[in-house]
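Protein chains in written order, with full-length UniProt numbering: chain A, 1 to 314; chain U, 1 to 314; chain L, 1 to 314; chain S, 1 to 314. Note that the Cβ used here is the ideal one computed from N, Cα and C, for glycine as well. These numbers come from a predicted model, not from an experiment. Working notes, beginning with the structure itself.
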């Protein structure tokens, strides 16, 4: 067994030694639930928080010296302590508190990225009860937030995933390229279904300016996405995507760009002719794989793109 | 390579040959979506249907003769064809149509078990729209149904799973056994959270009697489970479980028994003392594993138990 | 809010009160890793252990009294303490220690069921290294064990799941029933693939008799299942299943019965004719859902069946 | 209902209209299994292929015109047809065939990205059998490949994920920062376990140069990762990561950079003192969440980084 790569590495000329590139570390998926008591009425916030820090971390990679390393365990403790000290007004604000803390309190940390998934809860309305502390998990979708801070500027990317929607008509697909491998027939009436995975980036970057109303903005975006999906007569899922993203950019001035990743959850009309039956757009087989995948960013004119191409990892 | 086990098997005396026991087969997880058009207003039913048939199936196991085998592919086709021919009034009624068909139309099939998972959809209420064909997947829980028919009697077991609920107070845990391995401290105020997995069996078994209102009954049971969870001051999760099941049996005469499997989704109060903070039931760590698991059946007096002990597979 | 169901319940005549049926509780999914040091050579056992206890538990369900309740937390502690005190010779032996402990040490506990999933590890053979403490997770399948004890008799059901196998030829499917909904064509050469999920029950029930060699028996069964799958020319998956189970029963006298649940992981020959290509059993589309599901028990002559019909929950 | 966003959009001045940014589309997760017959000995390749195309796609997003759209269905057909026409020598070569085809055969397609997950299979060695067509799925890890082509240069990023490794000693963690939220104690002997998720980028970009031996290179990298993990005495997971990546870059001249994402799968020493037991590095609790997450890129001197920061989506 060697005693780590240090010795081995330092015996070689620097020009041939492997070079450390982008790196980050932290504690992932701290599941914190914060209860706030307003008399007999309770409120809960339920977040899964992941911390990623980067900065002056050459030594720990090259020699194993932990002198600059704030432990991932301490970052976890900070999440729980801040839930008490600062409360959780919104996922975005909570992430801002955390990111600022890590960058400003640790000299070696130059950048902090906080990712949050928020689980929503509704109250249980028990008929005769005056209890206000009972909850049921709401909806299928998950709210997401990513807050990044480098000591100077903020980047806030909020989002949602797993919002499943379906139009049972109002969608056609025609006029496409026919190459040697094309067998698909054109259709003027199909089911259009997708699982919306979206992230949007806020224009807010500067501490000195007032931050958006994070919760209000999130709810409004969700509404625009749903309504644009419902209102758009669709010639292609690309066009529906652009209508969804475009509506958000047009209606929400606080948002610079939005990216959507829309799997085309195919619903194939079942051929019932072998059984002497006509299938007049009534019976569909909902397929899992393979599926079409349509992805695009829609930007405010003049905005620079900042959301990564791959949303599945955000 | 042998030509199958037949030759080998038949050369041995019958008394030492392995014996075929309970067996069943069919197509699992046929995902059918049925659209019904009521003018511009559409309705959808979204079911995942699994068929399991049993009967006179010795030959196919022992010699590979398929003479008695209705193919699993044909059972799948039947699911789609029946969605057209019979429609889908409810998961239970659809399962009854299927089970009856297999048992009565195939001499070799003596028993059919249909399992269904139903996905719920809400309408998207687009503000200015008159569109009535846009939907969003509703809720986190899944509705389940299992219909079994042997040519004489019906057994219908309906249920739900993945219904996550939480009481942020109104739960204590004290007075338990302290053995050599007990370190847990008593508490008079804890978070109680669980993911309700429940199945209930109907008293209806006889074609000649009118069947229950399946959809109405399911919605009522869901309400009773939620309300009993919210209304019960809890000394233990077992007691809460019994209150939930008991309320269903008391209020719904069509139901003979109900079984609940309730994971205790532990929310541990985080020790903030090392950071000079007091945690007055405000900040919790939501743990994944291990978890307590509490399971029980509650029956109407005189009812014979019929729901399997393990719900995770239903 | 009520103070639990007790008062409410006791005001009603006993004959109409809901009745408590089968019930059990315990800690699920305790993930314990045990390291044993044999000089510089280490050995590891990696188990996920779930405890389910039942007995005299009316009070906790009806009134919330925990006087008979050994906490699920204590059952978890026992798992970890026993890993130290008794070691982990095999999953089955470890489960036997635990089940015996709970039933014999707690008067209110009349039955204990221990479920275990074991993760296998191989050594990493570093070329120049003399290190014997480095491991890599082995294989895709998971070994399972369920040990049940009621103070008198033992029931041990071992098993495996997620063992994926495929024959690229040597399988046909012909001579099946053709009903009104049958469209499948016969084939004399198909891919046969499945994910073996199997459980087998041992004849050993009595403490006074020597227990089987659990590890040796498990490895032998796995081998028989694989070899029977490979050696059997298949006329149907049912016949392959029976050949697999039959071989185990014939070769392993310590086993009374075996149950297999075999999803038919369909590999459909892709129609390449539209592209002017002939597909001579070369290119397959591997489908996910729906899938055929074939399940059966094979018993030693004279054995009483004891394995539940549904393996997915074991 | 509007007739799509076109009319609405074109009535507004261009300067305020939302702008289409990066976009791509294609069929995801085509599961193709290719059987090659070498007499009685069969070979199989089992790939899940995802296609993402981009190019001149403004119209389909803005107006819904599909005139430039090769359907995702046709991209799926191409995957299956190419499995026949070109065979599958390796995941990387297959992806190169596909990417070249889409970019060179469709004027509107300017860039193609092919992602592939490969499932490995071992032969079943049945004792007396001469059958060479029986297989069992091998290992837990998945091989990945991403091939991107823009008509000029190639980018090939290969990788693996879900390779779980563990050192039961030879790891310490000391000398780290202690801030206000640090409670972790130093340790000089801990279990170090992780699930290796890695991607490496090849220097090969030019069709005119011979491509690497893809299969040989992949196997060699896997070996180096395992051996570096086993051979490194670890002062921190960061240092182990750098040793793993560094060894690959040093030994494999065809590779320009490698990125690793290593979750620290915590194994906590269980406190057995309450039970009067000493835990001498013998009994560990394997935790799921939260977990440390250590990520870094290691480059050949002079190489430009090209692998995305987030591997979870690759």
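- Each residue's CA atom was taken as its position, placing residue 240 (chain L) and residue 170 (chain L) some 11 Å apart.
- Excluding residues up to 5 positions away in sequence, 256, 257 lie with their Cβ nearer than 7 Å to the Cβ of residue 303 (chain S) in the same chain.
- Neighbours of residue 121 (chain S) in chain L, taken as residues whose beta carbon is under 8 Å from its own, are 166 in chain order.
- Here residue 31 (chain S) is buried: its Cβ has 16 or more other Cβ atoms, across all protein chains shown, within 10 Å.
- The CB of residue 67 (chain S) comes closer than 9 Å to the CB of 175, 176, 177 in chain A, given here in chain order.
- Within its own chain, the residues whose Cβ lies closer than 8 Å to the Cβ of residue 124 (chain A), once the five positions on either side in sequence are excluded, are 134, 135, 136, listed in chain order.
- In this structure, DSSP gives residue 199 (chain S) an extended state, which the three-state scheme calls strand.
- Where residue 215 (chain A) is concerned, the enclosing alpha helix (DSSP H) starts and stops at 214-231.
- The C-beta of residue 278 (chain U) has fewer than 16 other C-beta atoms within 10 Å across all chains shown, which makes the residue exposed.
- Taking a cut-off of 8 Å on C-beta distances, the region 178-198 of chain S touches the region 258-272 of chain S, as three or more cross pairs fall below it.
- Under the DSSP assignment, residue 84 (chain A) falls in the alpha helix (DSSP H) whose first and last residues are 72-85.
- From the listed residues S:164, S:107, S:189, S:251, the smallest Cα separation to residue 234 (chain S) is found for S:189.
- For residue 168 (chain S) and residue 272 (chain S), the gap between their C-alpha atoms comes out near 19 Å.
- For residue 24 (chain S), the beta-bridge partners assigned by DSSP are A:295.
- Residue 22 (chain U) has its alpha-carbon roughly 13 Å from the corresponding atom of residue 300 (chain L).
- By the 16-neighbour rule on beta-carbons within 10 angstroms, residue 308 (chain L) is buried.
- Here the alpha carbon of residue 214 (chain U) sits roughly 7 Å from the alpha carbon of residue 92 (chain U).
- Around the Cβ of residue 210 (chain A), a 10 Å sphere holds fewer than 16 other Cβ atoms; the residue is exposed.
- For residue 59 (chain U), the enclosing alpha helix (DSSP H) starts and ends at 58-62.
- In terms of CA proximity to residue 162 (chain S), S:138 leads the group S:174, S:177, S:138.
- In the three-state reduction of the DSSP assignment, residue 97 (chain L) falls in the helix class.
- Taken through DSSP and simplified to helix, strand or coil, residue 241 (chain L) comes out as helix.
- Secondary structure note for residue 134 (chain L): its beta strand (DSSP E) is the uninterrupted segment 134-137.
- Between residue 15 (chain U) and the set L:250, L:109, L:89, L:311, the nearest pair of CA atoms involves L:250.
- Closer than 8 Å to the CB of residue 169 (chain S) there is at least one CB belonging to chain L.
- In this structure, residue 79 (chain S) and residue 49 (chain S) form a Cβ contact; the two beta carbons are roughly 5 Å apart against a cut-off of 8 Å.
- For residue 197 (chain A), no chain U residue has a Cβ inside 8 Å of its Cβ, as the nearest lies near 14 Å away.
- Three or more pairs of CB atoms, one per stretch, sit closer than 8 Å, so the region 143-150 of chain L contacts the region 107-121 of chain L.
- Out of U:219, U:98, U:26, U:17, the CA that lies nearest to the CA of residue 290 (chain L) is found in U:26.
- Per DSSP, residue 206 (chain U) lies in no beta strand (DSSP E) segment and is marked neither H nor E.
- Cβ neighbours of residue 66 (chain U) within its own chain (closer than 7 Å, five residues either side excluded): 60.
- Counting of Cβ neighbours within 10 angstroms places residue 253 (chain L) among the exposed residues, the total staying below 16.
- A Cβ-Cβ distance of about 15 Å is found for the pair residue 247 (chain U) and residue 219 (chain U), leaving them out of contact under the 8 Å criterion.
- The C-alpha of residue 152 (chain L) lies about 26 Å from the C-alpha of residue 306 (chain U).
- Residue-level contact by beta carbon fails for residue 235 (chain S) and chain L, as no gap is shorter than 8 Å.
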